[in-house]
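Novice: For what it's worth, my numbering labels the leading residue of the sequence shown as 452, then goes sequentially.
All C-beta atoms, glycine included, are put in the ideal place defined by N, C-alpha and C.
First the structure, which I've put down as structure tokens, then a few questions once you've had a look.
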Amino acid sequence: MGIPIIGDNCDIHPSAVIHLCHDAYVGNNTTVGNALFEGVTEVGPYSKLDNHVHFAHNCKCGENCFITACSLLMGSTTLDNNVWLAPNAVTLNGVHVHDDGFVGAISFANKEVFEGEVVAGIPARVLRKIT
Numbered sequence: 452m453g454i455p456i457i458g459d460n461c462d463i464h465p466s467a468v469i470h471l472c473h474d475a476y477v478g479n480n481t482t483v484g485n486a487l488f489e490g491v492t493e494v495g496p497y498s499k500l501d502n503h504v505h506f507a508h509n510c511k512c513g514e515n516c517f518i519t520a521c522s523l524l525m526g527s528t529t530l531d532n533n534v535w536l537a538p539n540a541v542t543l544n545g546v547h548v549h550d551d552g553f554v555g556a557i558s559f560a561n562k563e564v565f566e567g568e569v570v571a572g573i574p575a576r577v578l579r580k581i582t
């Protein structure tokens, strides 16, 4: 198992409590917010936060997720396993993206994304389901 890696010029809030599991990667210039109300920000095993990502307070990311460049996860977002957020994707506070969910580029996910759904647009809507 590899160790977690944090890239250059990251802004991790001084009061943030984060758990980075093995082989997790936080890219350059990424921001990790603090927990406003008790909680932990978590990045699961084999998950990657690309450069210029904002990962807000109490966000949780499961295994093998990829949050690509310039994405914004607002507070208390939950990503299950194998989730992909394309460049510049945004999730609203408290949004839950289930296993194998995909949020398209320059999209705003303002509600739950169910297992295997591909969503895109502003606001994001379901384009198809991955079988």
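1) On the three-state DSSP scale, how would you describe V548?
2) In three-state terms, what does DSSP make of I469?
3) With the cut-off set at 8 Å, would you say D531 and P496 are in Cβ contact?
4) Which residues mark the beginning and the end of the beta strand (DSSP E) in which L578 is found?
5) In the structure shown, what three-state DSSP assignment does D462 receive?
6) Residues in the same chain with beta-carbon distance under 6 Å from F553, minus the five sequence neighbours each way, listed in chain order, please.
7) Who pairs with H505 in a beta bridge, going by DSSP?
8) Consult DSSP for V569 and reduce its assignment to one of helix, strand or coil.
9) So, does the CB of D550 fall closer than 8 Å to a CB anywhere in chain D?
10) So, A467 versus V483, is the Cβ gap smaller than 8 Å?
11) Leaving aside the five residues before and after G567 along the sequence, list all residues of the same chain whose C-beta is less than 6 Å from its C-beta, in chain order.
12) Taking DSSP as the reference, what is the three-state secondary structure of K511?
13) Locate the beta strand (DSSP E) running through E493, then write down its first and last residues.
Specialist: The answer reads as follows:
1) strand
2) strand
3) No, the Cβ-Cβ distance between D531 and P496 is not below 8 Å.
4) 576-580
5) strand
6) W535, V569
7) T482, L523
8) strand
9) Here chain D cannot be found, since the structure has a single protein chain.
10) yes
11) D551, K580, I581
12) strand
13) Annotation for E493: the continuous beta strand (DSSP E) segment containing it runs 492-494.
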